[in-house]
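Counted from 1, the sequence shown has number 80 at position 80 by UniProt numbering; the numbering is strictly sequential.
Each residue gets a CB set at the ideal place from its N, CA and C atoms; glycine is no exception.
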Amino acid sequence: MFYHSGPSRGGGFDPITGDRAACPLEIMSSCGIRAPALTWPFLSPLSAAGQQNYDLLVIGGGSGGLACAKEAAQLGKKVAVVDYVEPSPRGTKWGLGGTCVNVGCIPKKLMHQAALLGSMIRDAPHYGWDVAQPVLHDWRTMAEAVQNHVKSLNWGHRVQLQDRKVTYFNVKASFVNEHTVCGVAKGGKETLLSAEHIVIATGGRPRYPTHIEGALEYGITSDDIFWLKESPGKTLVVGASYVALECAGFLTGLGLDTTIMIRSIPLRGFDQQMSSLVTEYMASQGTRFLRGCTPSRVRRLPDGQLQVTWENLTSGKEDVGTFDTVLWAIGRIPETKSLNLEKAGVNTNPNSQKILVNAQEATSVPHIYAIGDVAEVPTTVFTPLEYGCVGLSEEEAVTRHGEEHVEVYHAYYKPLEFTVAERDASQCYVKVSVLVVQGWACPAARDRGRAGTQGGEAPCNHPHPRPGPPMQPGVPSPAGLTIDSVACRWCACGSPRSWSWACTSSVPMQAKSLKDLLWGSSKCRGISALNDAQTGVPLKAERGMVIGSLLHRCRPYVALCVFSRASPQTWQVSSQERQLASPASCY
């Protein structure tokens, strides 16, 4: 069953405007049964004079904000959620749920899945299926299905807030002081909301290159691509971000003529070896790349096509091309401009404008927190060759720790589903960058293709040389950590299942192979307890620590976490390095 709402579909509650009028809602299912009309009674009335007080006020109705609000309400707190979506320059707007539900993860993964289905259909004859060729794709059918699913999620989030007695305001919020927010409704009415604690979860929006002629008038962004009723046709994607590659990937997979224009390098900030494999695979599937180019002008031709003029930065020459759609994917900016953060005393990064937070995600004002895209979060890339990564890239690991302390383990492999279909698997690749401290690397483990670090005493079937200073449980290592206990459950050398070892700020797991290392999360357990050498505070990691990357199509990817030192007194898990990445097709 799916839910369908909105006045454009013949009446019903409007998830965009938050219309409080009692409206019928069509509920449709495959059997054609229609439920009686429902009403929407639970929007809080806005009062221009009164002020409403809460234990927690959440600004932003995305994944982080909603999860926070529902959890707090479940714990008995009085909670309100304030959410407002500014329409895109092309007029696109959406309902409750934030970027992920409306213009991010959900529609992106569904369209990515649609593209993967196309490749599966092309593989089908190898498995005995008689599939008529050519296989054609209908954008309108896909878009309607995706949009209906998104609207059902909008409705579901509103119902969940009601069930947990969370008050919802469809207003644009700005700070009055550190405890008070002014909300402006669509009609201009204002209300004051105050709270003991405030969470900012406003997310981010795509960046427009306003210095380029015609960019705002004729271009679209990821805010619009998922809500197009008609196929975008021949598309130019401008940008080297993961959003650019993801959109170009599924557009190519759906059979559209797609070009990516890149000024410098793709996926900056990611491991560049992995990035090269991603772009090579995309090129082999039909995506064209214009490298070292930057657009200077976009004009609409009489026939409706868009003429794009760009400069080749190497030759200095200008070139021109025509496209049906130009999609800007040059990065995102946090939604902080209209919040008046300075009135609350909340500090932001002067360059990125993202809100500065500590390990507990508190801002410069102790009772105000920031979560999600408005701060710093990890990333997974859903290009046609799915790329999952966690921790440091090889480049960043070398920069931080020195080349002599970094070992790289890597392997090409062919997924089982690629064999019968005779697919090219030359870009399927596993890479693990490991920090090794002299005297603690186990040569036997390394010879077997395993990343192992060992210290202390442990009965073994072969010697474990320790040329460095002896390390014992509870004794600080040069990195400043002490070890209570570490489970080495898969040591092929025959060591007992529980033994002590030394570690540094980034420690690899023991595993039989790289496959066990990346996919054996239910079996492999690395560091079970760490103590800060200075404070004695326990630091725990469920599955150990590793720096790793993975390229694959439809395979679960379980990565681990990396500890980093935030101050001379405190060790913590960096939020940017603790992400658990799983490709969409695994769910």
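When DSSP states are grouped into helix, strand and coil, residue 409 belongs to the strand group. Secondary structure at residue 213: strand, using DSSP grouped into helix, strand and coil. The alpha-carbon of residue 264 is positioned some 20 Å away from that of residue 387. Residue 177: member of the beta strand (DSSP E) spanning 172-177, first to last residue. In this structure, the CA atom of residue 208 is about 19 Å from the CA atom of residue 259.
A direct Cα-to-Cα measurement between residue 113 and residue 191 gives close to 43 Å. Per the coordinates, the alpha-carbon of residue 194 lies some 19 Å from the alpha-carbon of residue 75. Take the alpha-carbon of residue 429 and the one of residue 298: they are about 39 Å apart. As the crow flies, the alpha-carbon of residue 177 is around 50 Å from that of residue 301. In the three-state DSSP reduction, residue 193 falls in the strand class (E or B). The closest CA to that of residue 131, considering only 398, 138, 120 and 247, is found on 120. Look at residue 336 here: in three-state DSSP terms it is coil, with no helix or strand label. If only complete runs of 3 or more residues are kept, the stretch 299-326 shows the beta strand (DSSP E) at 306-312 and 318-323, in order along the chain.
For residue 288, the enclosing beta strand (DSSP E) starts and ends at 288-291. Between residue 57 and residue 181, the gap from beta carbon to beta carbon is short of 9 Å. Within the same chain, and ignoring the five residues on either side of residue 65 in sequence, the residues whose Cβ sits closer than 6 Å to its Cβ are 58 and 201. For residue 261, the closest C-alpha among the options 255, 214 and 321 is that of 321. Every beta strand (DSSP E) of 3 residues or more that sits fully in the stretch 354-379 is shown, in chain order, as 368-370. Close CB contacts of residue 78 within its chain, under the 6 Å cut and outside five residues either way in sequence, are with 54 and 55 (chain order). Assignment of residue 108 by DSSP, reduced to helix, strand and coil, places it in the helix class.
In terms of Cβ geometry, residue 61 and residue 206 do not form a close pair [threshold 9 Å]. The C-alpha of residue 346 is placed about 17 Å away from the C-alpha of residue 333. In the displayed model, residue 250 falls within a helix according to three-state DSSP. Residue pairing by DSSP places residue 182 opposite 174 and 192 in a beta bridge. The criterion of a C-beta distance shorter than 9 Å is satisfied by residue 285 and residue 253. In this structure, the beta-carbon distance from residue 245 to residue 266 falls below 9 Å.
Under DSSP, residue 53 forms a beta bridge with 194.
A straight-line Cα-Cα distance of about 10 Å links residue 391 and residue 434.
For residue 71, the secondary structure class from DSSP, reduced to helix, strand or coil, is helix.
The Cβ atoms of residue 229 and residue 257 lie no closer than 9 Å to each other.
In this chain, the alpha helix (DSSP H) harbouring residue 281 covers 272-284. Counting only the Cα atoms, residue 210 lies some 30 Å from residue 344. Using a Cβ distance threshold of 9 Å, residue 134 and residue 212 do not count as a contacting pair.
By the CB criterion at 9 Å, residue 221 and residue 329 fall inside the cutoff. A Cβ-Cβ distance of about 15 Å is found for the pair residue 169 and residue 339, leaving them out of contact under the 8 Å criterion.
Scanning its chain for C-beta atoms nearer than 8 Å, with the 5 sequence neighbours on each side dropped, one finds around residue 406 the residues 394, 397, 398, 433, 434, 435 and 436, in chain order.
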